[in-house]
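Engineer: According to the UniProt record's numbering, numbering within the sequence shown proceeds without interruption in unit steps and concludes at 212. Ideal Cβ placement from N, Cα and C applies to all residues, glycine included. In this text, all values refer to a predicted model and were calculated from it rather than measured experimentally. Here it is, the structure in full.
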Amino acid sequence: MTDLNMPKTKVLPLAAWSRQEGLPLDFVAVDMRKRALEILDARVKAMNLGNVESFAGRIEEYTGACDFVVSLHACGTASDHAIEAAMAAKAPYLVSPCCVGKLNLETMKGSGALQRPRSEWLSKQIGKEMYAQIAQAADRSEVSSTVDSSVSRLSKTVIELDRNQLAMEGACYDTSLLKMHGLEGYAKDDLLVGLPSEWMNAKGFPGNLVLH
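Shown next as C-alpha coordinates:
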(Lines of atoms letter the chains of each structure in order from A; the text may use other names.)
(Lines give C-alpha, C1' and ligand atoms only; values in the text may rest on other atoms or scores of the structure.)
Protein backbone atom coordinates (compact mmCIF):
# COMPACT_ATOMS: atom_id res chain seq x y z
CA MET A 1 0.00 0.00 0.00
CA THR A 2 1.15 3.54 -0.74
CA ASP A 3 0.11 6.44 1.47
CA LEU A 4 -0.60 9.15 -1.12
CA ASN A 5 -0.63 11.77 1.64
CA MET A 6 3.04 11.17 2.38
CA PRO A 7 5.63 13.59 0.92
CA LYS A 8 6.60 12.39 -2.53
CA THR A 9 10.03 10.92 -3.16
CA LYS A 10 12.02 12.64 -5.90
CA VAL A 11 13.39 10.12 -8.40
CA LEU A 12 16.09 11.16 -10.85
CA PRO A 13 15.94 9.20 -14.15
CA LEU A 14 19.30 9.95 -15.75
CA ALA A 15 19.84 9.68 -19.49
CA ALA A 16 16.06 9.52 -19.54
CA TRP A 17 15.47 9.50 -23.30
CA SER A 18 11.70 9.78 -23.83
CA ARG A 19 10.55 7.33 -21.15
CA GLN A 20 8.05 8.15 -18.43
CA GLU A 21 7.86 5.75 -15.49
CA GLY A 22 4.36 5.56 -13.98
CA LEU A 23 4.68 5.56 -10.19
CA PRO A 24 3.26 7.99 -7.56
CA LEU A 25 6.56 9.84 -7.29
CA ASP A 26 8.09 13.11 -8.43
CA PHE A 27 10.44 12.64 -11.40
CA VAL A 28 13.16 14.85 -12.82
CA ALA A 29 14.23 13.49 -16.21
CA VAL A 30 17.81 14.45 -17.07
CA ASP A 31 19.09 14.09 -20.63
CA MET A 32 21.44 16.11 -22.83
CA ARG A 33 19.32 15.39 -25.92
CA LYS A 34 16.71 18.13 -26.15
CA ARG A 35 14.63 16.24 -28.72
CA ALA A 36 14.17 13.31 -26.32
CA LEU A 37 13.00 15.68 -23.61
CA GLU A 38 10.63 17.42 -26.03
CA ILE A 39 8.97 14.05 -26.64
CA LEU A 40 8.77 13.41 -22.90
CA ASP A 41 7.39 16.89 -22.17
CA ALA A 42 4.72 16.42 -24.85
CA ARG A 43 3.64 13.11 -23.31
CA VAL A 44 3.58 14.64 -19.84
CA LYS A 45 1.40 17.49 -21.09
CA ALA A 46 -0.94 15.14 -22.98
CA MET A 47 -1.40 13.00 -19.87
CA ASN A 48 -1.76 16.04 -17.62
CA LEU A 49 0.92 14.80 -15.24
CA GLY A 50 2.05 17.15 -12.53
CA ASN A 51 4.87 15.03 -11.11
CA VAL A 52 7.33 15.00 -14.03
CA GLU A 53 9.78 17.72 -15.02
CA SER A 54 12.83 17.69 -17.28
CA PHE A 55 16.36 19.07 -17.24
CA ALA A 56 18.34 19.45 -20.46
CA GLY A 57 22.03 18.93 -19.79
CA ARG A 58 24.69 16.50 -18.70
CA ILE A 59 24.17 14.36 -15.64
CA GLU A 60 27.02 16.07 -13.79
CA GLU A 61 25.43 19.47 -14.47
CA TYR A 62 22.25 18.69 -12.55
CA THR A 63 22.46 20.07 -9.00
CA GLY A 64 18.89 19.65 -7.80
CA ALA A 65 17.71 17.37 -5.04
CA CYS A 66 17.03 13.68 -5.52
CA ASP A 67 16.10 10.74 -3.32
CA PHE A 68 16.64 7.93 -5.84
CA VAL A 69 18.68 7.66 -9.05
CA VAL A 70 17.57 5.53 -12.01
CA SER A 71 19.78 5.30 -15.10
CA LEU A 72 18.83 2.98 -17.95
CA HIS A 73 21.33 2.34 -20.74
CA ALA A 74 23.40 5.49 -20.28
CA CYS A 75 26.46 5.23 -22.50
CA GLY A 76 30.08 5.30 -21.39
CA THR A 77 30.89 7.63 -18.51
CA ALA A 78 27.23 8.63 -18.12
CA SER A 79 26.67 5.55 -15.96
CA ASP A 80 29.61 6.57 -13.78
CA HIS A 81 28.22 10.08 -13.40
CA ALA A 82 24.84 8.59 -12.45
CA ILE A 83 26.45 6.62 -9.62
CA GLU A 84 28.39 9.70 -8.52
CA ALA A 85 25.15 11.72 -8.48
CA ALA A 86 23.61 9.11 -6.19
CA MET A 87 26.66 9.11 -3.93
CA ALA A 88 26.60 12.91 -3.67
CA ALA A 89 22.94 12.82 -2.64
CA LYS A 90 23.39 9.72 -0.44
CA ALA A 91 20.63 8.17 -2.50
CA PRO A 92 20.05 4.60 -3.71
CA TYR A 93 20.72 3.88 -7.36
CA LEU A 94 19.58 1.49 -10.08
CA VAL A 95 21.96 1.73 -13.04
CA SER A 96 21.85 -0.38 -16.20
CA PRO A 97 24.96 0.61 -18.19
CA CYS A 98 25.09 0.58 -21.97
CA CYS A 99 28.22 0.52 -24.15
CA VAL A 100 31.63 0.73 -22.51
CA GLY A 101 33.83 1.13 -25.60
CA LYS A 102 34.21 4.86 -24.96
CA LEU A 103 35.83 4.04 -21.63
CA ASN A 104 38.69 2.43 -23.55
CA LEU A 105 39.23 5.53 -25.71
CA GLU A 106 39.05 7.96 -22.80
CA THR A 107 41.42 5.88 -20.70
CA MET A 108 44.04 5.59 -23.44
CA LYS A 109 43.83 9.26 -24.44
CA GLY A 110 43.65 10.49 -20.87
CA SER A 111 40.72 12.68 -21.92
CA GLY A 112 38.25 11.49 -19.32
CA ALA A 113 37.63 13.48 -16.14
CA LEU A 114 37.09 10.31 -14.11
CA GLN A 115 39.76 8.05 -12.68
CA ARG A 116 40.19 4.65 -14.31
CA PRO A 117 39.95 2.10 -12.80
CA ARG A 118 37.21 3.60 -10.65
CA SER A 119 37.95 1.79 -7.40
CA GLU A 120 41.01 1.45 -5.22
CA TRP A 121 40.41 -2.31 -5.22
CA LEU A 122 40.91 -2.64 -8.98
CA SER A 123 43.55 0.11 -9.18
CA LYS A 124 45.80 -1.98 -6.93
CA GLN A 125 45.58 -4.91 -9.34
CA ILE A 126 45.73 -3.40 -12.84
CA GLY A 127 46.82 -0.18 -14.53
CA LYS A 128 45.14 2.08 -17.07
CA GLU A 129 46.39 0.12 -20.09
CA MET A 130 44.99 -3.17 -18.81
CA TYR A 131 41.74 -1.43 -17.87
CA ALA A 132 41.46 -0.05 -21.40
CA GLN A 133 41.95 -3.54 -22.84
CA ILE A 134 39.26 -4.94 -20.54
CA ALA A 135 36.85 -2.16 -21.56
CA GLN A 136 37.52 -2.88 -25.22
CA ALA A 137 36.86 -6.60 -24.74
CA ALA A 138 33.67 -5.83 -22.81
CA ASP A 139 32.10 -3.74 -25.56
CA ARG A 140 29.72 -6.23 -27.17
CA SER A 141 25.98 -6.15 -27.94
CA GLU A 142 25.29 -9.87 -28.25
CA VAL A 143 26.51 -12.97 -26.46
CA SER A 144 27.14 -16.48 -27.77
CA SER A 145 28.86 -19.68 -26.68
CA THR A 146 32.22 -18.75 -28.20
CA VAL A 147 35.41 -18.19 -26.23
CA ASP A 148 35.46 -14.54 -27.32
CA SER A 149 31.96 -14.09 -25.91
CA SER A 150 33.00 -15.60 -22.56
CA VAL A 151 35.95 -13.21 -22.36
CA SER A 152 33.64 -10.31 -23.22
CA ARG A 153 31.17 -11.29 -20.51
CA LEU A 154 33.90 -11.59 -17.86
CA SER A 155 35.38 -8.26 -18.95
CA LYS A 156 31.99 -6.54 -18.67
CA THR A 157 31.57 -8.00 -15.19
CA VAL A 158 34.93 -6.54 -14.12
CA ILE A 159 33.91 -3.08 -15.37
CA GLU A 160 30.60 -3.18 -13.49
CA LEU A 161 32.05 -4.61 -10.27
CA ASP A 162 34.61 -1.80 -10.34
CA ARG A 163 31.81 0.77 -10.53
CA ASN A 164 29.95 -0.72 -7.57
CA GLN A 165 33.17 -1.08 -5.61
CA LEU A 166 33.75 2.68 -5.84
CA ALA A 167 30.42 3.28 -4.09
CA MET A 168 31.34 0.74 -1.43
CA GLU A 169 34.74 2.33 -0.79
CA GLY A 170 33.82 6.00 -1.12
CA ALA A 171 30.36 6.17 0.40
CA CYS A 172 29.82 2.95 2.37
CA TYR A 173 27.17 1.56 0.01
CA ASP A 174 25.86 -1.97 -0.03
CA THR A 175 25.84 -3.03 -3.67
CA SER A 176 24.75 -5.87 -5.93
CA LEU A 177 25.38 -6.73 -9.57
CA LEU A 178 22.28 -8.39 -11.02
CA LYS A 179 21.02 -9.59 -14.39
CA MET A 180 17.78 -8.32 -15.91
CA HIS A 181 15.22 -10.94 -16.89
CA GLY A 182 14.08 -11.33 -20.48
CA LEU A 183 17.30 -10.12 -22.10
CA GLU A 184 18.95 -13.47 -22.78
CA GLY A 185 21.44 -13.18 -25.62
CA TYR A 186 21.94 -9.46 -25.00
CA ALA A 187 25.28 -8.47 -23.47
CA LYS A 188 24.04 -5.28 -21.82
CA ASP A 189 21.76 -6.89 -19.26
CA ASP A 190 23.63 -5.83 -16.12
CA LEU A 191 21.83 -3.99 -13.32
CA LEU A 192 23.88 -2.22 -10.68
CA VAL A 193 22.10 -1.68 -7.37
CA GLY A 194 23.44 0.51 -4.61
CA LEU A 195 21.96 1.29 -1.20
CA PRO A 196 23.53 3.68 1.33
CA SER A 197 24.52 1.89 4.51
CA GLU A 198 22.17 4.06 6.57
CA TRP A 199 19.29 2.63 4.55
CA MET A 200 20.42 -0.90 5.28
CA ASN A 201 20.76 -0.12 8.99
CA ALA A 202 17.51 1.84 9.28
CA LYS A 203 14.90 0.51 11.67
CA GLY A 204 12.27 -1.46 9.79
CA PHE A 205 14.36 -2.02 6.66
CA PRO A 206 14.06 -5.65 5.47
CA GLY A 207 17.10 -7.85 5.84
CA ASN A 208 17.16 -8.67 2.15
CA LEU A 209 16.12 -6.93 -1.04
CA VAL A 210 14.45 -8.92 -3.80
CA LEU A 211 14.15 -7.38 -7.25
CA HIS A 212 11.93 -8.88 -9.96
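Could you check what DSSP says for residue 192 in three-state terms: helix, strand or coil?
Structural biologist: One-based indexing of the sequence shown puts residue 192 at position 192. Reduced to three states, the DSSP call for residue 192 is strand.
Engineer: With a cut-off of 8 angstroms, do at least 3 Cβ pairs link the region 154 to 164 to the region 49 to 68?
Structural biologist: No: the two stretches stay apart, fewer than three of their Cβ pairs being nearer than 8 angstroms.
Engineer: For the beta strand (DSSP E) holding residue 70, just list the boundary residues, first then last.
Structural biologist: As a working mapping, residue 70 is identified with position 70 in the sequence shown. Run containing residue 70: 68 to 74, per the beta strand (DSSP E) assignment.
Engineer: Buried or exposed for residue 88, going by 16 or more other Cβ atoms inside 10 Å?
Structural biologist: For the purposes of this step, residue 88 is taken as the residue at position 88 of the sequence shown. Classification of residue 88: exposed, given that the 10 Å Cβ count is below 16.
Engineer: Ignoring anything shorter than 4 residues, give me the alpha helix (DSSP H) runs that lie fully in the region 142 to 178, in order along the chain.
Structural biologist: Here the runs fully enclosed are 147 to 171.
Engineer: Quick one: residues in its chain with C-beta nearer than 8 angstroms to the C-beta of residue 123, no 5 flanking neighbours on either side, listed in chain order?
Structural biologist: As a working mapping, residue 123 is identified with position 123 in the sequence shown. For residue 123, where only same-chain residues beyond five positions count, the Cβ hits under 8 angstroms are 115, 117.
Engineer: Based on the DSSP output, what are the partners of residue 96 in its beta bridges?
Structural biologist: Here residue 96 refers to the residue found at position 96 when the sequence shown is read from its first residue. In the DSSP output, where bridge partners are listed per residue, residue 96 has 72.
Engineer: Rounded to a whole number of angstroms, what is the C-alpha to C-alpha distance between residue 38 and residue 49?
Structural biologist: Within the sequence shown, the letter at position 38 stands for residue 38. Within the sequence shown, the letter at position 49 stands for residue 49. Taking the straight line from one Cα to the other gives about 15 angstroms.
Engineer: May I ask which residues mark the beginning and end of the beta strand (DSSP E) holding residue 53?
Structural biologist: Numbered from its first residue, the sequence shown carries residue 53 at position 53. Unbroken beta strand (DSSP E) run through residue 53: 52 to 56.
Engineer: Assuming residue 136 and residue 101 form a contact by the criterion Cβ under 8 angstroms, report the distance between their Cβ atoms to the nearest whole angstrom.
Structural biologist: As a position in the sequence shown, residue 136 is number 136, starting the count at 1. As a position in the sequence shown, residue 101 is number 101, starting the count at 1. Going by Cβ atoms, the distance from residue 136 to residue 101 rounds to 7 angstroms, so yes, they are a contact pair.
Engineer: What residues in its chain sit with their C-beta under 8 angstroms from that of residue 179, if we drop five residues either side in the sequence?
Structural biologist: Start at 1 with the first residue of the sequence shown, and residue 179 comes out as number 179. These residues qualify, in order along the chain: 189, 190, 191.
Engineer: If residue 71 sits next to residue 96, beta carbons under 8 angstroms apart, how far is it from one beta carbon to the other, in whole angstroms?
Structural biologist: Here residue 71 corresponds to residue number 71 of the sequence shown, with the count starting at 1. Here residue 96 corresponds to residue number 96 of the sequence shown, with the count starting at 1. About 7 angstroms separates the two Cβ atoms, so the contact holds.
Engineer: Over the uninterrupted beta strand (DSSP E) stretch that includes residue 26, give me the two end residues.
Structural biologist: Numbered from its first residue, the sequence shown carries residue 26 at position 26. Its beta strand (DSSP E) spans residues 26 to 31.
Engineer: To the nearest angstrom, report how far apart residue 76 and residue 138 are at their CA atoms.
Structural biologist: What you label residue 76 is simply residue 76 of the sequence shown in a count that begins at 1. What you label residue 138 is simply residue 138 of the sequence shown in a count that begins at 1. Using only the alpha carbons, I get a separation of about 12 angstroms.
Engineer: Can the beta-carbon of residue 113 be found less than 8 angstroms from the beta-carbon of residue 152?
Structural biologist: Here residue 113 corresponds to residue number 113 of the sequence shown, with the count starting at 1. Here residue 152 corresponds to residue number 152 of the sequence shown, with the count starting at 1. No. Outside cutoff.
Engineer: CB-CB under 8 angstroms to residue 126, same chain, minus the five flanking residues each way: which ones, in chain order?
Structural biologist: Here residue 126 corresponds to residue number 126 of the sequence shown, with the count starting at 1. Once the five neighbours on either side are set aside, the close Cβ partners of residue 126 are 117, 134.
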